[in-house]
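Novice:
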Amino acid sequence: MIVLKFGGTSVGTAEAVLRVGAIIRAYRDRSPVVVLSAMSGVTDALLVAAHTAARGDHEEVHHLVRALRERHHAAARQAVAEPFLNDVLQQFDAWFDTLNQVLAALSLLREASPRSLDMVAAYGEKLSCALMVAALCSQDVVARTLAAETLVRTDNNFGEAMPLMEPTSAAARARIAPLVADGIVPVVPGFAGATAEGVTTTLGRGGSDYTATILGAALGAQEVWIYSDTDGVLTADPKIVPRARPVPYLSYAEARELSFFGAKVIHPRTVLPALDGQFPVRVRNSFNPEFAGTTITGHGSRGGASVKSIAYTRNVCTVTVEGSGRPGGPRVAGRALGVIERLSTDAFLTNASSPEQNLSFVLHAERAPAIIRDLKDEFADEMRRGEVRRIDVRDGLGVFAMVGEALGDTSGIGARVFGVLGRIGATVHGFAQAPSGTSFSFVVDASRLDDAVRALHGEFVP
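FYI, the working numbering numbers position 409 of the sequence shown as 566, with every residue one higher than the one before it.
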């Protein structure tokens with residue numbers, strides 16, 4: 158058994174859907190389980206519709222939903238034959254009618270809670286799966302879609318839910334395995350799940366990759382293949398470095414570091430189930446299906462360049478908690494990191510200074526207001542007594558990471574990086590090395606981020 162996951166661009170048009178159908182047919186002898194994202198742009202449009210409904214703009218909501226309905230109808234008319242066409246169009250209309258009712262409720266409430274947003278966002282994958290099943294059936298492939306809410310059990314952290322593997326594994330084995338045994342291709346919506354009470358949740362943006370490896374681990378799959386519109390994981394973003402090329406092999410650790418620091422090819426948590434199941438994850442291109450892409454395994458490959466790839470994230474900031482430096486002052490680091498953990502915020506890197514009792518950390522800029530608010534609440538008494546001098550933020554920054562397991566065995570990397578950044582006039586506002594030695598990360602002004610990535614790619618990636 159293999160799990161084949163297709164991203165939004167891979168199912169973004171009728172032509173793309175037919176191309177994916179051909180890929181699925183080519184691997185029918187390997188008992189494929191298919192996981193799909195929504196058609197490209199649909200999740201964003203659904204979330205815009207939800208927020209627009211909460212503002213009470215009924216006309217704009219009607220326009221947004223009508224455009225989505227027309228797009229799915231048009232794709233079905235090109236990719237699906239009768240009698241399956243009529244069935245899928247009726248299913249689309251039923252779902253869009255229900256979606257309109259949900260949006261009307263948001264309009265009455267004048268709010269779009271994380272729980273409501275998850276309910277709305279999950280429609281995108283339902284629609285793409287229904288379209289794919291109808292297209293496959295039109296090509297004489299027996300396929301069936303399953304509701305993600307009946308398969309992936311999660312906690313109730315709406316918007317970034319965590320899967321509960323034991324009930325998820327049991328549901329997957331009970332509902333998916335019999336279909337595979339009967340020669341039916343299961344088509345599963347990615348991204349979504351449900352709480353124990355059946356309330357829809359989502360796994361975070363890009364979470365369909367995560368769904369694929371969750372199901373791969375649950376079903377004991379031999380491999381998981383993740384299809385997008387690039388030839389695997391590249392050495393850099395080709396929009397910044399046009400000569401970026403595919404990386405043939407990565408380790409799980411390297412893939413996690415790249416996704417954490419912004420590589421868009423896979424979801425940051427994708428490799429976690431693969432670690433447990435010890436199966437390869439292959440990143441491939443649905444528009445170039447013969448190309449091998451990138452294979453991610455437990456060992457990867459330590460050969461070749463010390464830097465496998467460079468990932469980056471724009472729009473980050475540093476938040477600093479500055480202690481007074483007095484003996485017996487407050488334990489700044491532990492308490493500040495506790496605030497970050499309570500807000501479920503990931504810090505790209507953290508720097509602490511024991512004598513001065515200072516702590517600074519780098520995070521997504523949009524999280525800064527909530528972090529600053531809670532830090533000031535946490536240290537309110539210490540700030541009044543002067544034991545904490547200031548809590549502030551510096552924005553306009555970007556962070557990048559050079560990733561490769563061989564970095565830890567390579568001397569002089571830091572000096573070379575600082576030399577390159579110095580030559581292009583990029584100021585370093587923070588840097589760190591992963592404890593495993595798998596990555597070196599640097600914070601620079603956002604205006605110099607692209608230049609830094611280009612220069613370092615030229616220096617370290619032959």
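Glycine included, C-beta positions come from ideal geometry on N, C-alpha and C. Predicted, not measured: the structure shown is a model, and the values here were computed from it.
1) For the segment 188-217, which segments carrying the alpha helix (DSSP H) assignment without a break, of at least 4 residues, lie completely within its bounds, in sequence order?
2) Could you check the C-alpha separation between L242 and V345 for me, to the nearest Å?
3) Just the Cα atoms here: how many angstroms apart are R499 and I528?
4) Taking the C-alpha atoms as reference points, what is the distance between G576 and H521?
5) Give the C-beta separation of V610 and V585 to the nearest angstrom, bearing in mind that I take them to be a contact with Cβ-Cβ under 8 Å.
6) Comparing alpha-carbon positions, which option in T427, L432, P395 lies nearest S466?
7) Going straight from the alpha carbon of F249 to that of H229, what length do you get?
8) Would S295 and M196 qualify as a contact pair, given that the criterion is a beta-carbon distance under 8 Å?
9) Can you give me the Cβ contacts of R551 inside the same chain, cut-off strictly under 7 Å, excluding the 5 residues immediately before and after it?
10) Taking the alpha carbon of A393 as the reference point, which residue from S167, V160, R439, G615 has its own alpha carbon closest?
11) Flag this pair as yes or no: are the beta carbons of L211 and L256 separated by less than 8 Å?
12) With a cut-off of 8 Å, do at least 3 Cβ pairs link the segment 307-324 to the segment 352-364?
13) How close, in whole Å, do the beta carbons of V218 and A233 come, if the pair is a contact with beta carbons under 8 Å?
14) Determine the direct distance from the alpha carbon of S326 to that of V337, and round the result to whole angstroms.
15) Alpha carbon to alpha carbon, what distance is there between M289 and I548?
16) For N472, name the three-state secondary structure that DSSP assigns.
17) I need the DSSP call for E380, collapsed to helix, strand or coil.
18) Which residue spans inside the segment 411-468 form an unbroken alpha helix (DSSP H) run of at least 4?
19) Which word fits R580, buried or exposed, when buried means at least 16 other C-beta atoms lie within 10 angstroms of its C-beta?
20) Classify S604: buried if its beta carbon has 16 or more other beta carbons within 10 angstroms, exposed otherwise.
21) Would you tell me roughly how many angstroms separate the C-alpha atoms of L506 and A490, rounded to the nearest one?
22) Quick one: what does DSSP say A334 is sitting in, helix, strand or coil?
23) Rounded to the nearest angstrom, what separates L532 and Y367 at their Cα positions?
24) Can you tell me which of the three DSSP states P324 falls into?
25) Measuring CA to CA, which of N445, V342, G450, T200 is closest to R439?
26) Count the other CB atoms within 10 Å of the CB of A305; is the residue buried (16 or more) or exposed (fewer)?
27) Does the distance from the CB of T567 to the CB of A410 come in under 8 Å?
28) Can you tell me whether K283 is helix, strand or coil according to DSSP?
29) Based on the DSSP secondary-structure assignment, which residues constitute the bridge partners of N508?
30) Is it buried or exposed, V160, if we count other Cβ atoms within 10 angstroms and call 16 or more buried?
31) Among all the DSSP beta bridges, which residues are the ones paired with F163?
32) CA-CA distance, F597 and N445?
33) So L274 and L193 are supposed to be a Cβ contact under 8 Å. How far apart are they, rounded?
34) Could you give the distance in angstroms between the alpha-carbon of E479 and the alpha-carbon of Y184?
35) Rounded to the nearest angstrom, what separates A287 and T209 at their Cα positions?
Specialist: Looking at the atomic coordinates:
1) 199-212
2) 20 Å
3) 10 Å
4) 27 Å
5) 14 Å between Cβ atoms; not a contact.
6) P395
7) 8 Å
8) no
9) C474, T475
10) G615
11) The amino acid at residue 211 is misidentified as Leu; the sequence shows Ala. No, the Cβ-Cβ distance between A211 and L256 is not below 8 Å.
12) yes
13) With a Cβ gap of about 23 Å, V218 and A233 do not count as contacting.
14) 15 Å
15) 51 Å
16) strand
17) strand
18) 428-434
19) exposed
20) exposed
21) 13 Å
22) helix
23) 32 Å
24) helix
25) G450
26) buried
27) no
28) helix
29) S517
30) buried
31) L193, Y384
32) 32 Å
33) No, L274 and L193 are not in contact; Cβ-Cβ is about 20 Å, not under 8 Å.
34) 58 Å
35) 26 Å
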